[in-house]
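One structure is given below, encoded as structure tokens.
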Amino acid sequence: MDYLHWPQTPFYYYLVDFALMLLMVVAIRWLGNRFIALDKQLAEEDNFAVGIALSGAMIGLALMLMGASSGQAAPSLGAEALYMTLYGLLGMGLMALTRKIFDISLPKISIQKEIQQHNVAAALVDAGNTIAVAMIIRAVMLWVDDDSAWGLLWVLAGFVASQGLMYLITHYRRWLFCRRHDHDLQQQIQNGNIAVAIRFAGHRLGVALAITVTSNLVVYQPTAWIFMVWIALALALFIAQTGVSFVIRWLFLSHIDVNNEIVNQQNIALGTLQAAIYFTVGLLFVGLLG
Numbered sequence: 020m021d022y023l024h025w026p027q028t029p030f031y032y033y034l035v036d037f038a039l040m041l042l043m044v045v046a047i048r049w050l051g052n053r054f055i056a057l058d059k060q061l062a063e064e065d066n067f068a069v070g071i072a073l074s075g076a077m078i079g080l081a082l083m084l085m086g087a088s089s090g091q092a093a094p095s096l097g098a099e100a101l102y103m104t105l106y107g108l109l110g111m112g113l114m115a116l117t118r119k120i121f122d123i124s125l126p127k128i129s130i131q132k133e134i135q136q137h138n139v140a141a142a143l144v145d146a147g148n149t150i151a152v153a154m155i156i157r158a159v160m161l162w163v164d165d166d167s168a169w170g171l172l173w174v175l176a177g178f179v180a181s182q183g184l185m186y187l188i189t190h191y192r193r194w195l196f197c198r199r200h201d202h203d204l205q206q207q208i209q210n211g212n213i214a215v216a217i218r219f220a221g222h223r224l225g226v227a228l229a230i231t232v233t234s235n236l237v238v239y240q241p242t243a244w245i246f247m248v249w250i251a252l253a254l255a256l257f258i259a260q261t262g263v264s265f266v267i268r269w270l271f272l273s274h275i276d277v278n279n280e281i282v283n284q285q286n287i288a289l290g291t292l293q294a295a296i297y298f299t300v301g302l303l304f305v306g307l308l309g
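In the numbering used here, the protein residues as written are 20 to 309.
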């Protein structure tokens, strides 16, 4: 009787993949040094914000590499190493591009400059955005059952779609914030409102979890029509997750002026709790439909 399920792929394939993944995660630090003096920021200035942003980048890349390493092994060790390297470099490039696009979606502030100026709120929304996008890209990698160059193109298409969705979600949060308050969301982040930042990041993570369900519901076919179905269902799940989260927040915190507490009083406890509600609903979507 067998007690362990061990795949038929040779063990040294896993060793090569693991070594390449570790190398790419470590490479984040080297790449970071090309843009900012990490040693000075982390050790001399004790920049907590840089540490949070770098941690988010590491987790985001690890999520993408999880997607790249899944599925069937390549026909040869050389091909396996090549695919892993290509997907890893693609993940690093997409992660850098994600941060640029996120800055564009918040045009009144520069998230990366705010992070270098010790703004923890900016670092929290940056890390939340990076991890959220990585979740969606990982789901797309698992969905695309093709390790060829054609499959790589569909992963890129999934990245474009995910960026479009997250850009839309950012504008929705900005619109909602302006409707409820006299303050601007971007100004709150620039002012270092950690409670607002935690809630914002939690919403993105919760929505990203819900969107990942799309890859389990839509049968992969390399056609434009199926891809449009994927996008439409992802948008529907975003709306559903946001709606359910609103109902739970109303039931859970009905006797508290949450917006006043989080925005005006910068109540981190309530900001964290609301972020947890968004994340919990996302997990429930994954559990039920994933």
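From the three backbone atoms N, C-alpha and C, an ideal C-beta is built for every residue, glycine too.
Do you know offhand how far VAL69's Cα is from TRP244's?
Looking at the two C-alpha atoms, the distance is approximately 42 Å.
message = Which same chain residues end up closer than 8 Å to HIS190 when comparing Cβ atoms and leaving out the 5 residues on each side of it in sequence?
response = Excluding residues within five positions, the ones whose Cβ falls inside 8 Å are SER124.
**Message:** Which complete alpha helix (DSSP H) runs does the region 60 to 109 hold, if anything under 4 residues is left out?
**Reply:** If one requires a minimum length of 4 residues, the alpha helix (DSSP H) runs lying completely within the region 60 to 109 are 67 to 88, in chain order.
Practice item. Figure out for me which residue from VAL45, MET111, ILE208, TYR239 has the closest Cα to the Cα of ASP145. Key: Of the candidates VAL45, MET111, ILE208, TYR239, the one whose C-alpha sits nearest the C-alpha of ASP145 is ILE208.
**Study point:** Separation of ASP276 from ARG199, as counted between CA atoms
**Key:** Their backbone Cα atoms lie some 12 Å apart in a straight line.
Would you call the CB atoms of ALA100 and ILE217 closer than 9 Å? No, they are not a contact pair.
ask   = Buried or exposed: ALA251, going by 16 or more other Cβ atoms within 10 Å of its Cβ?
value = Around the CB of ALA251, fewer than 16 other CB atoms lie within 10 Å, so the residue is classed as exposed.
Measuring straight from C-alpha to C-alpha, what distance separates GLN136 and ASN210?
If I take the Cα positions, the gap works out to 12 Å.
Can you list, in chain order, the residues of its chain with a C-beta nearer than 8 Å to that of VAL45? Leave out the 5 residues immediately preceding and following it. Nothing meets the Cβ criterion.
Check your understanding: Quick one: is MET77 near chain B, going by C-beta distance under 9 Å?
Key -> In the structure shown, chain B cannot be found, because there is only a single protein chain.
Is MET247 buried or exposed, if buried means 16 or more other CB atoms sit within 10 Å of its CB? Classification for MET247: exposed.
| task | Go through the region 175 to 249 residue by residue and report every complete run of the alpha helix (DSSP H) that reaches 4 residues or more, in order. | result | Segments of the alpha helix (DSSP H) lying fully in the region 175 to 249: 204 to 209, 213 to 231, 233 to 236.
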